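One structure below.
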Amino acid sequence: MNMKLLLAPALAALALGMTPLATTPALAKEKVKKVETKATAERKTKMTDTEALKEAKKGAKQAAREQGAAQVEAKREQVMQEAIEAIRQTRLAIAALDKKDKKAALDALAKTLGQLEILLARDPKLALAPVDVVTYALDVHADVESVKKAIKQSITLLEKGRVQDARAIVSGLASEIIIEVANIPLATYPDAIKAVVPLVEAGKFEEAKQALIAALNTLVITRHIIPLPVLRAEHLLALAEQLAEKAKRSDEEQKQLDALLEAARKELKFAEVLGYGDEGAFKPFYEMIDEIEKKVAGGKHGKGFFDNLKKALEQFRMKLF
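Under numbering that gives the first Met the number 0, residues 0 to 320 are what the sequence shown spells out, in order.
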């Protein structure tokens with residue numbers, strides 16, 4: 000067979016800028032492979048963005064817990080040893096009265112008053128002397144829509160008079176660290192202790208004991224609430240700020256920045272639906288985030304974009320605390 004006749008169709012096709020039929024399957028396979036490679040890369044990028052956001056949220060939760068723990072420790076440092084000793088001596092007096100030990104009871108009451116006098120001498124205007132700190136956390140695992148649904152359900156139950164059923168739902172709608180501080184009311188506690196002394200002197204041990212128990216029950220409990228969604232939002236915004244200040248951000252970094260801002264917005268919406276703050280308190284935060292999104296769109300960068308929002312959130316959180 001003439002080889003020139005076999006090559007002629009292929010050469011003619013090449014001359015016309017066409018792909019010879021004999022080479023089409025190989026080229027098609029290569030093209031499909033390239034498309035698949037691009038799609039795989041996009042999936043990997045998406046997975047990377049998702050994982051990065053998950054890590055950021057995980058870090059935000061950890062940072063919120065650490066910040067909450069730091070504030071708890073700050074409260075613990077305010078506890079006054081003299082106040083603790085005054086409570087301890089009051090309890091020792093009660094124990095002595097159970098044994099009808101007049102001398103031990105009077106000695107304990109004298110020491111109680113001595114500790115209280117030290118506190119008042121140090122600060123005559125001091126109204127509450129911290130003696131103990133208890134902390135616990137509540138963090139509901141839900142989203143905004145689920146919380147709204149639960150609130151609506153509880154309202155329906157209340158309208159039907161099913162108060163306890165509604166209470167069971169509402170009591171779980173919280174995401175917060177609660178710090179409870181027990182305090183001696185210095186305006187009344189010393190006088191209550193002084194009033195017990197004549198009773199002990201008169202041998203009225205049971206009456207004196209009940210009076211001391213009543214005095215202990217006058218301890219004032221102050222509660223401080225730290226909303227976890229606000230703490231988490233602050234951490235996410237701090238991560239977003241780092242990216243916002245970076246010049247020549249990659250497309251992936253821009254996506255991460257956008258995702259962090261959106262995640263922070265969702266945390267604030269979660270705080271809002273849970274009732275942390277007055278009506279309309281969160282609107283300025285959303286507006287500030289909108290403004291930041293405009294400033295960083297398309298890879299734009301700069302410093303100071305987050306300053307007003309950070310300051311506003313800190314003031315808001317401290318007001319709640």
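Virtual Cβ for every residue (Gly too), placed ideally from N, Cα, C. From a predicted model like this one, the values you see are computed outputs, not experimental measurements.
Taking the continuous alpha helix (DSSP H) assigned at residue 188, which residues delimit it? 188 to 200
Between residue 253 and residue 298, how many whole angstroms is the CB-CB distance? I'm expecting something under 8 Å. 6 Å
How would you write the range of the alpha helix (DSSP H) that residue 155 sits in, first residue to last? 143 to 158
Please report the residue range of the alpha helix (DSSP H) in which residue 135 lies. Element bounds for residue 135: not the alpha helix (DSSP H) but the beta strand (DSSP E), 127 to 138.
Quick one: complete beta strand (DSSP E) runs, 3+ long, within the region 197 to 267? 219 to 226
Classify residue 169 as helix, strand or coil using the three-state DSSP reduction. Helix.
Pairs of beta-carbons, one from the region 122 to 133 and one from the region 176 to 196, closer than 8 Å: are there three or more? yes
Residue from 194, 294, 101 with nearest C-alpha to residue 304: Among 194, 294, 101, the Cα nearest to that of residue 304 belongs to 294.
Take residue 324 as the anchor and find which of 136, 117, 110 has the nearest alpha-carbon. The structure shown does not extend to residue 324, since the chain is modelled only from 0 to 320, so the question has no answer here.
Hey, is residue 228's beta-carbon within less than 8 Å of any beta-carbon in chain D? Protein chain content of the structure displayed is limited to a single chain, and chain D is not contained in it.
Between the region 97 to 112 and the region 148 to 156, do three or more beta carbon pairs fall short of 8 Å? no
From the DSSP output, read off the bridge partner residues of residue 179. Answer is 133, 222.
Rounded to the nearest angstrom, what separates residue 26 and residue 54 at their Cα positions? Residue placement at residue 26 is poorly supported in this model, since its pLDDT is 38, which falls under 50; the coordinates are not used for a value here.
Less than 8 Å separating the beta-carbons of residue 112 and residue 207? no
Just how far apart, CA to CA, sit residue 271 and residue 281? 7 Å
Between residue 262 and residue 81, what straight-line distance do the alpha-carbon atoms span, to the nearest angstrom? 46 Å
As a quick exercise: from 318, 78, 178, 236, pick the residue whose alpha carbon is nearest that of residue 307. 236
How would you write the range of the alpha helix (DSSP H) that residue 295 sits in, first residue to last? First-last of the alpha helix (DSSP H) with residue 295: 282 to 295.
Among residues of its own chain, excluding the 5 on either side of residue 283, which ones have a beta-carbon nearer than 7 Å to its beta-carbon? 311
From what residue to what residue does the alpha helix (DSSP H) around residue 106 run? 101 to 121
Between the region 216 to 233 and the region 172 to 179, do at least 3 Cβ pairs fall closer than 8 Å? yes
Could you say which of 109, 165, 238 lies nearest to residue 88 if we only look at CA atoms? Ranking 109, 165, 238 by Cα distance to residue 88 puts 109 first.
Smallest Cα separation from residue 50: which of 72, 318, 259, 132? 259
How would you call residue 248, buried or exposed, if buried means at least 16 neighbouring beta carbons within 10 angstroms? buried
Residues of its chain near residue 79, where Cβ-Cβ distance is below 8 Å and the 5 sequence neighbours each way are ignored: 118, 128, 129, 130
Mind checking which residues open and close the alpha helix (DSSP H) that includes residue 317? In the DSSP assignment, residue 317 falls within the unbroken alpha helix (DSSP H) covering 306 to 319.
Keeping to the same chain, check which residues put their C-beta closer than 6 Å to that of residue 190; ignore five residues upstream and five downstream. none
Rounded straight-line distance, which links the Cα of residue 246 to that of residue 277: Between residue 277 and residue 246, the alpha-carbon positions lie close to 38 Å from each other.
Residue nearest to residue 296 in terms of C-alpha spacing, selected from 145, 216, 244, 172: 244
Residue 234: buried (16+ other C-beta within 10 angstroms of its C-beta) or exposed? buried
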